[in-house]
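Asks: Residue numbers (the UniProt record's numbering): 1 to 391. Just so you know, even glycine gets a beta-carbon here, dropped at the ideal spot from N, CA and C. Since we're looking at a predicted model, the values are computed, not measured. Sharing a structure below in structure tokens format, with a few things to ask.
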Amino acid sequence: MNFDLLCLEIGISAAQPLSKKLELLQAWFQKNISTELHPSGGENEQFEQYKQVTEFYLDFVHPESAHDMSKPNQNFNGDNLVSFLSYMGFDRVLYSLQPDKTLLNAKNTNGLTPLHQAALEGNINTVQMLLSLGADPCIINKQKQYPLFSALILPILYEDELRENKIKIFSLLKEKGNQLLNQDKNGDTVLHKMAQHGFDSLIKEILVTHAELAYIPNKHTHYPIHTAILNDQIQCVIPLLHIKDGTILVDSSGWAALHYAARYGSQDILEECCKLTTNKDIPDFTGKTPLMIAAELGRLSTVQILLQHGAQTNITDSSGFSVLHHAVKSGNLKLVRWLIENTDIDINAKDNHNLTPLQLSETSLSETGDMEKITALLLEHGASATPPVPY
């Protein structure tokens, strides 16, 4: 059957107004193909979208329904029919075919079951259909992830409806088996995934029922709070900071939330971390404070915010580097000038090898090409040119 014959069968004629044609095609489509598609635009655009998908169904999908549904098909990205229908969100076709459980739970070449596919695409009605047909939600993919994890993955660009559908899918799947405490191949839990993709409402729910997930690091030794900062998800950062000891959970380098905020965070995230972190000078395992991290990277605005919140400039790391040493090494002339002119920092502080910031500037290179200007600035403000003591 082609599209023109289908139109005759369901009563669509050229003489009808577009609104009537759309009504008839939509009704047939939602009964026989999918309830997932929600076309946008005017009536003509909506009709064309329904027509395009219907023609694909008639040309490629419907003919395969009479053949071996387990066979991979090039027209379906190499997937079998059931896997492809789940990916496309063709829930009504799945219902009409009533595939057996072997097909419902078969993995494609990427290790994804139909339920993984539907959850990944945010096809909420298809997920419900697969579950009603007997799909098993407790099968892991190659990444050791249940379909529950697939529900928590969002593309870079997405519509609000997709996000809402994925929240609903997660709610559907979370009661199926003991999946919430699972860690995938990367060591991530569902809380890491929520933090990565901005599911702040789900984070709040999980922290009530499974607070222990906040204290599980992944294989990079990142806790969910670190993941939230790394992915600039401020609405996820806030509840994760408020848990007990949330501000002092450290990775394998001794980095706490404030270190991550100083290195990667936006101004808003940095402000939140500063407000809730008691010790603004928490050292990592090399003695670096968040202020030193910011200075090392030449992040002037970050340095200013940390100082406004009480960070100290008179601390040195395990190498004896002061904040000024780190600022000089960054090659950021504006940062060095600001520190000298706005803080009581010791311009002649020596590291463990008796090197002052001035001597460091004379032996260092920077991408900015401003090191000579930094040297001149330090001399202008009274830096001593005394040579270092041999060691």
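Would you tell me roughly how many angstroms separate the C-alpha atoms of residue 208 and residue 112, rounded to the nearest one?
Replies: Roughly 30 Å between the two C-alpha positions.
Asks: Helix, strand or coil, according to DSSP, for residue 273 in the structure here?
Replies: In this structure, residue 273 counts as helix in the three-state DSSP scheme.
Asks: Assign residue 302 to one of three DSSP states: helix, strand, or coil.
Replies: Correct three-state label for residue 302: helix.
Asks: Please report the distance separating the alpha-carbon of residue 168 from that of residue 36.
Replies: If I take the Cα positions, the gap works out to 14 Å.
Asks: Looking at the unbroken alpha helix (DSSP H) that takes in residue 172, where does it start and where does it end?
Replies: 160-173 is the extent of the alpha helix (DSSP H) around residue 172.
Asks: Within the continuous alpha helix (DSSP H) that includes residue 200, where are the two ends?
Replies: Residues 200-209.
Asks: Flag this pair as yes or no: are the beta carbons of residue 218 and residue 188 separated by less than 7 Å?
Replies: Yes, the Cβ-Cβ distance between residue 218 and residue 188 is below 7 Å.
Asks: Which residue marks the beginning of the alpha helix (DSSP H) containing residue 192, and which one marks its end?
Replies: Unbroken alpha helix (DSSP H) run through residue 192: 190-197.
Asks: Whose CA, out of 279, 79 and 148, lies closest to the CA of residue 312?
Replies: Among 279, 79 and 148, the Cα nearest to that of residue 312 belongs to 279.
Asks: Are the CB atoms of residue 122 and residue 162 nearer to each other than 7 Å?
Replies: Yes.
Asks: How about the segment 292-310 and the segment 352-364: do they share at least three Cβ pairs that are nearer than 8 Å?
Replies: No: the two stretches stay apart, fewer than three of their Cβ pairs being nearer than 8 Å.
Asks: Where does residue 259 fall in DSSP's three states?
Replies: Residue 259: helix per DSSP, three-state reduction.
Asks: Going by alpha carbons, who is nearest to residue 294 out of 325, 319, 285 and 277?
Replies: Among 325, 319, 285 and 277, the Cα nearest to that of residue 294 is on 325.
Asks: Taking residue 56 as part of the alpha helix (DSSP H), name the residues at either end of that continuous run.
Replies: Its alpha helix (DSSP H) spans residues 43-56.
Asks: Quick check: the Cα distance between residue 83 and residue 104, rounded to an integer number of angstroms?
Replies: Rounded to whole angstroms, residue 83 to residue 104 spans 8 Å at the Cα level.
Asks: Rounded to whole angstroms, what is the Cα-Cα separation between residue 68 and residue 76?
Replies: So the alpha carbons of these two residues sit roughly 14 Å apart.
Asks: Can you tell me the Cα-Cα spacing of residue 268 and residue 314, whole angstroms?
Replies: Their Cα atoms are separated by approximately 26 Å.
Asks: Taking the alpha carbon of residue 166 as the point to measure from, which residue in 134, 140, 117 and 210 has its own alpha carbon closest?
Replies: The shortest C-alpha separation from residue 166 is found at 117.
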